[in-house]
Each structure stands twice: as C-alpha cells, then as structure tokens.
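Protein chains: 2
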Amino acid sequence: MSRKPRKDERHAQILEVLRYTPHVRIATLASRFGVTAETIRRDLDALSDQELLDRAHGGAVARPMGIQPPIDEREQATVDERRAIAHTAARLLEPGQVVMIDAGSTTTQLAWQLAANGQALTVITNSYPVARAMASSASRLILCPGDFNAREGGVFGQDTTDYLTRFHANIAFIGASGLTPEGILDVNRDAAWVKRTLISRSERTYLLVDHTKFAQTVLERVAPLSVLDGIVTDRAPSDAMTQRLERAGVAVHIATLEAIDSALSARASDTTAREDTA
Amino acid sequence: MSRKPRKDERHAQILEVLRYTPHVRIATLASRFGVTAETIRRDLDALSDQELLDRAHGGAVARPMGIQPPIDEREQATVDERRAIAHTAARLLEPGQVVMIDAGSTTTQLAWQLAANGQALTVITNSYPVARAMASSASRLILCPGDFNAREGGVFGQDTTDYLTRFHANIAFIGASGLTPEGILDVNRDAAWVKRTLISRSERTYLLVDHTKFAQTVLERVAPLSVLDGIVTDRAPSDAMTQRLERAGVAVHIATLEAIDSALSARASDTTAREDTA
DNA sequence: TAGCTAAATTGGTATTTACAACAAAAATGC
DNA sequence: GCATTTTTGTTGTAAATACCAATTTAGCTA
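Protein chains in written order, with my numbering: chain A, 101 to 378; chain B, 101 to 378.
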C-alpha cells in the first residue's frame, strides 16, 4: 500500500461532493481539481468498482442513501416484487387513517406508494427512509425516538417502544425476516420488540413479506400468526402454510407485477416493437 | 378536465422513477415508454423548467430532498468553508463526552468529521443526516421523536423538546440562519425552540455559522449572544460584531481551509521528517 | 367530417463523452 | 543514481447524446 495523497484525496472529495448533490459532471470535477477528464473518469471507475457511487454518462451519481450495507443480489432481484407488494398494501388504507409503519425495505416501498397516492394520513414510524419517502406528501409524520441503527435506518430500543405506546393506530404494516407456521420471525431483537409494540397498538396488522422470507427460520419469534389480520406477498405460500394462515384467520393478498403495471401505465406501448438495444 | 394522459402520465412516471433511483437515462425511459429519445428529452426539459428534477447529460437526476434547492456549482464553494468550520469545531470535543447536535448543513458536516475522527461519543440529535453521518462510528446515537420536516431532514415540535429535556450534555453544536448583535436568528420557529432546548440542556454551546450568515436578520430571535460559549466560523465578523461577541463572553474560532489541508497532509506523511507545510 | 393544434417522429448534423493505447511525468524502491 | 511502478496526460476513434427543423401523427373542436 502506497501513500498517494493525490488520488485518495480526490476520491474522498468526490464522495464528499456527492453527499450534497446527487450528481456531478466529469467536466466539473476536472476543472475543480485541475486535472484531465480522463483522470476523473478513472477515479469514478475506481470508486464505482468499490461500489461507493454509480456511474452515469458524463458524470456520477450518489448511491441511494436509504439502506446501504445490505444490498446483495437477492435484495436487488426482488425490488419489483416489493413494489408490487407495496402497491397492493397501499390499497388497504383509507384517507385520514392513522397508520404505523415498521422499518424495512418493503415498508419503505409502501411509504413511497402512499406518498404517491396523495392520501392524507397520520403516519407513525421508527424508520427514516419511511419518513423521507412520505415527506413530500400531505400526511403528518411522527417519528419515534430511540437508538439509531444505521443498518436498519431507524431507531430502536426502550425509548422507541415507550413512545409508541402513547399512540393508537387504525392499521400497522410490519416486515419480517422470516415467516413460518410458528409465526413471524426476525433477526433483530430490538426490531422484534418494536414490531410487537406496533402490533399491540393497532387495530389491524398486516405483514409485508416477499416469497424469499417463506420458511426462513431465524433468531427470534416476534409473534404467532394469529396476531395478523393479513399478509401481503408476491407468491402464494406452500399449501401447509396457507392452511395455517387460514386457520389463524389471516387473509392472504398476492401482489402481481401485472397489477401494478396495468394500474400505473394503463396504456404503455402499442404492438410496435421498438429496437431498444440496451 | 384535461384528457391528455400521454405526456402528463409520462411526466408523473418519470418523477416516480426518480424517487427510487437518483438517476435515469434517456435511453432507458425511451424504451420503457416506447417513445423516442427526443420525446423524453422534451419531457425532461419541461420537468426541469418546473424545477421538479435536474438535467444531466444523457438523463436526469432527482432533486435532493433534504437540503435546500440551490446546490449548484457556486454553492459548492461554501462546502469547503463548512468543512473547515466542522473540522475546527470537532477539536472542541473530547472522547466520551455527551454532545447534542442541531439539524443543519454545517452541523451535518461536523457529524462526518466526528465520525472520521473515530472518537467514541454519545450523540443526541434531531437530524437524520447527522445520525446517518455518525452511523458507522463508534458513537452511540440517540434520536429525538417529533414531527418530521423533510426540508430540514429532522424532527421538531413539542415532543422533540420534551424528549431533549431528559438529557444533559457536555456540549451542544447549533446552527442558525443569521447572526447579529441582537443574537442568534432562525427562519424556522420549531427549529428555534429545539435550539433553545439544546442550549438549556448543555454545559457549553457553540454556534457554527459561515460568513454568509453575518448580519442576516430573519424571522425569529433564538437567543441572545450571551448564551453562547463560542462561535466557529470561516471569516472574522465585523468589528462591531466582534466587540459585541467579546462583551458577551463568546470565544470566536476562525476556521481556515489551510488548517484542514495541512492537517490532512500531516496525517498523510507523518513518518517523514518535519517538512514545512505552508 | 374537416380542420386545427399539440405532440411525436424522423433525419441530419454538431457536440460531448467513452474507450483504449500510448507517452510523459512523478513517485517509489534498490 | 537508475530502474520500476504508479499515476496522469495525450491522442485518435467510436459511440452516445444534443440540437434543429421539417414532417407525420393523433387528439380535439366546431
């Protein structure tokens, strides 16, 4: 390892700039540092290889800040599924309701959907990505106190659950690390306590999980299936699981990508296939 | 009324997409909608005119939400000043202290500096950007409850101030919209209340402001100068202001870009013999 | 239905960016 | 000191994008 302040310093400053603006142009950086565009290009390629930023034509864009560390291939692959789940879940709400939203990637998607719908809600959450998503909407946003966990992008702990008990919601949306006949499971003990509190403070509770969570047995059981009023997912669970859910009185909503597509772009493209070579 | 779903629908969807990813390419949008790149180009230009997004070569980037609109090239000039201020302010802390950090761009810079320093602190803040900056550090992070304000990227309100009174900090760092002989000023009433609480719950209070805040008279006076133990800024205030500060017992720390640069280079090559770092 | 108007496409050209190979310069190691 | 490695600059070419203007298409109105 050599000590070259030149390149490293540029790299650090590029990332610094990208914390304040989502996009920088190569020409801008080149003139700022007094180096050639080629050098900047190489810098950006290197940083892109380290997954610290994303390349764009003529520049670079900052990585989305929601939840950074755990974006593995599997997570990325199910992005569309989660959108579909969120879209379906959003329909369970009515204007004016008080809703509690758990921290998680799928629940964050739900928040974006709710913001897009434009319904005026009162949202209580422990997740900053959720708050950020809803920020521009007409809804009122109440955030919980607690110890900040960067991995989850939210707050947890005794303060969080204490604060939540002051409220009463019409409906709660929670996520989970696993779903088995035994109940709802999660890897994070603090998160589990928050989920239990959300469940106890809401009239109805819906679980949002994609199919990769089925039969995942992890650290801690959050609650039995019977606490749920419904689950929203992207594929039908196994027959055994479905029976269990039915017995526990849990409604199962299957979200399909077609539904969201047809709803969003009611009239997308004609049969004229265009040569989209990309 | 308007029965023109074509263009408007595209516009809405483009903005929708930009909420999920900070950058979209024209070619991507063109193939997605089944239209020509020219059409997308016009769409982006129109949306850019409405200031709903920013153009980039070959695509568009989402507007940053947390921070104020004008983050253009000129604004980036003050980024360096804020970095210097934050760097100087960070030296006022000692390991193990309890510190309260206000919401704001300069205080967010401070948080990044503290995280880089690696000191183990207990940080109490109402700002999500601050929390996120410190997230990877060894510090404990406590976040306040309250109503989420997207523009500031933090929480405010009665819940926030109530929660803060439960704590006692060694030192508080606050920002402001203006600084005059009358005292500290801010445009946001809720933010002003949070600042007052931070001041009252800390042994010492330091104000972090760049020189553009001097003589800015805005909505509300947060507090008189006398509540401060010091200010950290990038240029010396006017003589009249300096006298006032001195009379009020406020220490003035001037942060220079040279200081931070020399600190960086010293860190980079400290094994070599002491060379004159101009 | 015809005509009007906004929107979308098409074609052509100028500009910008990307990519790769190589040269120059600086730093590093011996 | 000299060779080696790393970094940066330069150049030429290909590709992608932007811009402009004319034409076609589609939606709407009278």
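The beta-carbon is built from N, C-alpha and C at its ideal position, and this holds for glycine as well.
* Can a CB atom of chain A be found closer than 8 Å to the CB of ALA238 (chain B)? -> For the purposes of this step, residue 238 (chain B) is taken as residue 138 along the second sequence, with counting starting at 1. Answer no: the Cβ-Cβ gap between ALA238 (chain B) and chain A never drops below 8 Å.
* Asked: Taking Cβ-Cβ distances below 7 Å as the criterion, which residues of the segment 243-255 of chain B are in contact with chain A?
  -> Of all residues in the segment 243-255 of chain B, LEU243, CYS244, PRO245, GLY246, ASP247, PHE248, ALA250, VAL255 have a Cβ within less than 7 Å of some Cβ in chain A.
* Can you find a CB in chain B that lies within less than 8 Å of the CB of ALA269 (chain A)? -> Taking the first residue of the first sequence as position 1, residue 269 (chain A) is located at position 169. Judged by the 8 Å Cβ criterion, ALA269 (chain A) is not in contact with chain B.
* To do: Over the uninterrupted alpha helix (DSSP H) stretch that includes VAL294 (chain B), give me the two end residues.
  => Locating residue 294 (chain B) in the second sequence gives position 194, counting from the first residue. Boundaries of the alpha helix (DSSP H) around VAL294 (chain B): 289-300.
* Verify whether the separation of the beta carbon atoms of LEU243 (chain A) and THR265 (chain A) is less than 8 Å. => The residue given as residue 243 (chain A) occupies position 143 in the first sequence. The residue given as residue 265 (chain A) occupies position 165 in the first sequence. No; because the gap between Cβ atoms is not below 8 Å, this pair is not in contact.
* Asked: By the criterion of Cβ-Cβ separation under 9 Å, what are the contact partners of ASP154 (chain B) in chain A?
  -> Counting from 1 along the second sequence, the entry for residue 154 (chain B) is found at position 54. Residues of chain A passing the Cβ test: THR121, PRO122, HIS123.
* Asked: Is the beta carbon of ASP259 (chain A) less than 8 Å from the beta carbon of PRO281 (chain A)?
  -> The sequence position of residue 259 (chain A) within the first sequence is 159, counting from 1. The sequence position of residue 281 (chain A) within the first sequence is 181, counting from 1. Not closer than 8 Å, so no.
* How would you list, in chain order, the residues of chain B whose beta-carbon sits under 8 Å from the beta-carbon of MET159 (chain A)? -> On the first sequence, position 59 is the one that residue 159 (chain A) refers to. According to the sequence displayed, residue 159 (chain A) carries Gly and not Met. Taking a Cβ-Cβ cut-off of 8 Å, the neighbours of GLY159 (chain A) in chain B comprise ALA156, HIS157, given in sequence order.
* Beta carbon proximity, ALA189 (chain A) to chain B, threshold 8 Å -> For the purposes of this step, residue 189 (chain A) is taken as the residue at position 89 of the first sequence. Not an interface residue.
* Asked: Touch check for the segment 286-293 of chain A and the segment 312-320 of chain A: three-plus C-beta pairs under 8 Å?
  -> yes
* ARG301 (chain A), buried or exposed, once every other Cβ within 10 Å from all chains shown has been counted against 16 -> Your numbering for residue 301 (chain A) matches position 201 in the first sequence. Answer is buried; the Cβ neighbour count reaches 16.
* To do: Quick one: measure Cβ to Cβ for THR342 (chain A) and ALA351 (chain A), integer angstroms, because I've assumed they're closer than 8 Å.
  => Working through the first sequence from its first residue, we reach residue 342 (chain A) at position 242. Working through the first sequence from its first residue, we reach residue 351 (chain A) at position 251. Incorrect: roughly 11 Å between the Cβ atoms, too far for contact.
* **Contacts of ALA162 (chain A) in chain B (Cβ-Cβ under 7 Å)** => The residue you call residue 162 (chain A) lines up with position 62 of the first sequence. In chain order: PRO122.
* Could you tell me which chain B residues have their CB closer than 7 Å to the CB of LEU241 (chain A), listed as they occur along the chain? => On the first sequence, residue 241 (chain A) is found 141 positions in, with the first residue counted as 1. Per Cβ cutoff of 7 Å: ASP247, PHE248.
* In or out: ARG106 (chain A) buried (at least 16 other Cβ within 10 Å) or exposed? -> As a first step, residue 106 (chain A) must be located in the first sequence, where it is residue number 6. ARG106 (chain A) comes out exposed.
* Within the 8 Å Cβ cut-off, does TYR306 (chain B) reach chain A? -> The residue given as residue 306 (chain B) occupies position 206 in the second sequence. Chain A contact via Cβ: absent.
* Measuring CB to CB, does HIS123 (chain B) end up less than 8 Å from ASP154 (chain A)? -> Working through the second sequence from its first residue, we reach residue 123 (chain B) at position 23. Working through the first sequence from its first residue, we reach residue 154 (chain A) at position 54. Yes, the pair counts as a contact, with Cβ atoms nearer than the cut-off.
* Where PHE314 (chain A) falls: helix, strand or coil (DSSP) -> Here residue 314 (chain A) refers to the residue found at position 214 of the first sequence. When DSSP states are grouped into helix, strand and coil, PHE314 (chain A) belongs to the strand group.
* Asked: Under the three-state reduction of DSSP, which class applies to THR261 (chain B): helix, strand or coil?
  -> Counted from its first residue, the second sequence places residue 261 (chain B) at position 161. Helix.
* Asked: Are PHE248 (chain B) and ALA233 (chain A) close, meaning C-beta to C-beta below 8 Å?
  -> To locate residue 248 (chain B), count along the second sequence from 1; it is residue 148. To locate residue 233 (chain A), count along the first sequence from 1; it is residue 133. No, the pair does not count as a contact, with Cβ atoms beyond the cut-off.
* Terminal residues of the continuous alpha helix (DSSP H) containing LEU328 (chain B)? -> Position 228 of the second sequence, counted from the first residue, corresponds to residue 328 (chain B). Neither: LEU328 (chain B) is in no alpha helix (DSSP H) and is coded neither H nor E.
* Asked: How would you label HIS157 (chain A), buried or exposed, when you count the other beta carbons within 10 angstroms and need 16 or more for buried?
  -> Along the first sequence, read from residue 1 onward, the residue named residue 157 (chain A) stands at position 57. By the 10 Å Cβ count, HIS157 (chain A) comes out exposed.
* Can you list, in chain order, the residues of its chain whose CB lies under 7 Å from that of ALA323 (chain A), leaving out five sequence neighbours each side? -> Within the first sequence, residue 323 (chain A) is the residue found at index 223, counting from 1. Same-chain partners within the cutoff: GLY283, ILE284, ARG296, ILE299.
* **Reduced DSSP category for ARG183 (chain A) - H, G, I as helix; E, B as strand; rest coil** => Numbered from its first residue, the first sequence carries residue 183 (chain A) at position 83. Here DSSP, grouped into helix, strand and coil, assigns ARG183 (chain A) to helix.
* To do: Kindly indicate which three-state DSSP category ASP247 (chain B) falls into: helix, strand or coil?
  => The residue given as residue 247 (chain B) occupies position 147 in the second sequence. In the structure shown, ASP247 (chain B) sits in a strand (DSSP, three-state: E or B).
* Asked: With burial defined as no fewer than 16 other Cβ atoms inside 10 Å of the residue's Cβ, what is the status of PRO229 (chain B): buried or exposed?
  -> Counted from its first residue, the second sequence places residue 229 (chain B) at position 129. The residue in question, PRO229 (chain B), is buried, as its Cβ has 16 or more Cβ neighbours within 10 Å.
* Asked: Would you say ALA130 (chain A) and ILE114 (chain A) are within 8 Å of each other, going by their C-beta atoms?
  -> Taking the first sequence and counting its residues from 1, the one referred to as residue 130 (chain A) is at position 30. Taking the first sequence and counting its residues from 1, the one referred to as residue 114 (chain A) is at position 14. No.
* TYR263 (chain A) versus HIS111 (chain A): straight-line alpha-carbon distance, rounded -> If you number the first sequence from 1, residue 263 (chain A) lands on position 163. If you number the first sequence from 1, residue 111 (chain A) lands on position 11. The C-alpha of HIS111 (chain A) is placed about 42 Å away from the C-alpha of TYR263 (chain A).
* Asked: Going along the chain, which residues of its own chain have a beta-carbon closer than 7 Å to the beta-carbon of GLN197 (chain A), five neighbours each way excluded?
  -> Sequence index remark: in the first sequence, residue 197 (chain A) carries index 97 (1-based). Once the five neighbours on either side are set aside, the close Cβ partners of GLN197 (chain A) are LEU221, ASN270, ILE271.
* Asked: Smallest Cα separation from VAL327 (chain A): which of A:LEU308, A:THR188, A:SER237, A:ALA348?
  -> One-based indexing of the first sequence puts residue 327 (chain A) at position 227. If we check each option's Cα against that of VAL327 (chain A), A:ALA348 comes out closest.
* Between GLU303 (chain B) and ARG163 (chain A), what straight-line distance do the alpha-carbon atoms span, to the nearest angstrom? -> Counting from 1 along the second sequence, the entry for residue 303 (chain B) is found at position 203. Counting from 1 along the first sequence, the entry for residue 163 (chain A) is found at position 63. Rounded to the nearest angstrom, the gap between the Cα atoms of GLU303 (chain B) and ARG163 (chain A) is 38 Å.
* For ARG155 (chain A), does the three-state DSSP call read helix, strand or coil? -> Stepping through the first sequence from its first residue, residue 155 (chain A) is reached at position 55. Strand, per DSSP.
* Could you check which residue in B:GLY159, B:THR206, B:VAL117 has the C-alpha nearest to that of ILE331 (chain B)? => As a first step, residue 331 (chain B) is located in the second sequence; it is residue number 231 there, counting from the start. Residue B:THR206 is the option with its Cα nearest to ILE331 (chain B).
* In three-state terms, what does DSSP make of LEU319 (chain B)? -> Within the second sequence, numbered from 1, the residue matching residue 319 (chain B) stands at position 219. In this structure, LEU319 (chain B) counts as coil in the three-state DSSP scheme.
* Asked: Among the residues of its own chain, which have a CB less than 6 Å from the CB of GLU194 (chain B), if the five just before and after it don't count?
  -> Locating residue 194 (chain B) in the second sequence gives position 94, counting from the first residue. So the list is empty, once near-sequence residues are dropped.
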